[in-house]
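Take a look at the structure below.
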Amino acid sequence: MLKINPDPGNRGWEDATDLSQLSEAEIKDTLAQTDILYFTWNGPGHDQGYFMKGAENAVREWVKNGGVVWVDAFDDNFTDDQGNQIGLWWPVDEHPARIANTGDSDVNITPEGEASGLFSKPNAVDVNALTLDDNFTDLDPAYVVLAERADGAGAAAIKLPYGAGYYVGMCIDTRDAARLEAAKPLIENALYYCATLKAAAAAVRPEDKLATTWGAVKAE
Numbered sequence: 003m004l005k006i007n008p009d010p011g012n013r014g015w016e017d018a019t020d021l022s023q024l025s026e027a028e029i030k031d032t033l034a035q036t037d038i039l040y041f042t043w044n045g046p047g048h049d050q051g052y053f054m055k056g057a058e059n060a061v062r063e064w065v066k067n068g069g070v071v072w073v074d075a076f077d078d079n080f081t082d083d084q085g086n087q088i089g090l091w092w093p094v095d096e097h098p099a100r101i102a103n104t105g106d107s108d109v110n111i112t113p114e115g116e117a118s119g120l121f122s123k124p125n126a127v128d129v130n131a132l133t134l135d136d137n138f139t140d141l142d143p144a145y146v147v148l149a150e151r152a153d154g155a156g157a158a159a160i161k162l163p164y165g166a167g168y169y170v171g172m173c174i175d176t177r178d179a180a181r182l183e184a185a186k187p188l189i190e191n192a193l194y195y196c197a198t199l200k201a202a203a204a205a206v207r208p209e210d211k212l213a214t215t216w217g218a219v220k221a222e
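Residues 3 to 222 (the working numbering) are what the sequence shown spells out, left to right.
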């Protein structure tokens, strides 16, 4: 696990890696050994804190070359240095999206979500047992919606093809032990699903490996 929130006052850790203090070459070297980036709840940013500074170009290039990013829910209330909500580690300049300030909701799986296997392999997931949080909405047509919030507030799960790789995520809230426990079947499926996406890219890029680096914030 790679801790990237260096602010203990904002659910972070004193021993976290501040990505803004690393060179782009150092970040690219780490990503070159990685195939799946899994960001846990509020991993990229939280309460005005943006934790991806300095990693934007490296992450985008890595995804274009076949990397797969998974994100749990993250806050609507932070921006990068250019004022972009989410941040340019995600290609919001090419494929706009917005994070809405929402809470829990039931979930409706779309036909694309059913076909993906995200909610059925290897576990049959009770999506309404999950707790949802801030979610993607106002999506560019390039996004594939895998599940929708039943309250009409936007997508619950999305996939964005980008180059040879993907950005994927679901707005699950895993901030404490109870919510994390309920989400574990979905998390296992998410890793399986990301691995299948990566395997498809690896069929074209056989030098690829399968390792996982986690970015996270402190849970209560």
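Where a beta carbon is used, it is the ideal one built from N, C-alpha and C, also for glycine.
The shortest CA-to-CA distance from Y169 to any of A99, R151, K186 is the one to A99.
Here the alpha carbon of P8 sits roughly 15 Å from the alpha carbon of A57. Rounded to the nearest whole angstrom, the C-alpha separation of N191 and I160 is 14 Å. Cβ contact annotation for N125 (same chain, cutoff 7 Å, sequence separation greater than five): P187, E190, N191, in chain order.
Only exposed fits N130, as fewer than 16 other CB atoms lie within 10 angstroms of its CB.
For N59, there is no enclosing beta strand (DSSP E); the enclosing alpha helix (DSSP H) has its first and last residue at 58-66. Judged by DSSP secondary structure, T32 falls within the alpha helix (DSSP H) whose first and last residues are 26-33.
In this structure S25 is exposed. Its beta-carbon is surrounded by fewer than 16 other beta-carbon atoms within 10 angstroms. In the three-state reduction of the DSSP assignment, V94 falls in the coil class.
Secondary structure at Y40: strand, using DSSP grouped into helix, strand and coil. Across the set D95, V61, L199, the C-alpha of V61 shows the shortest separation from the C-alpha of F41.
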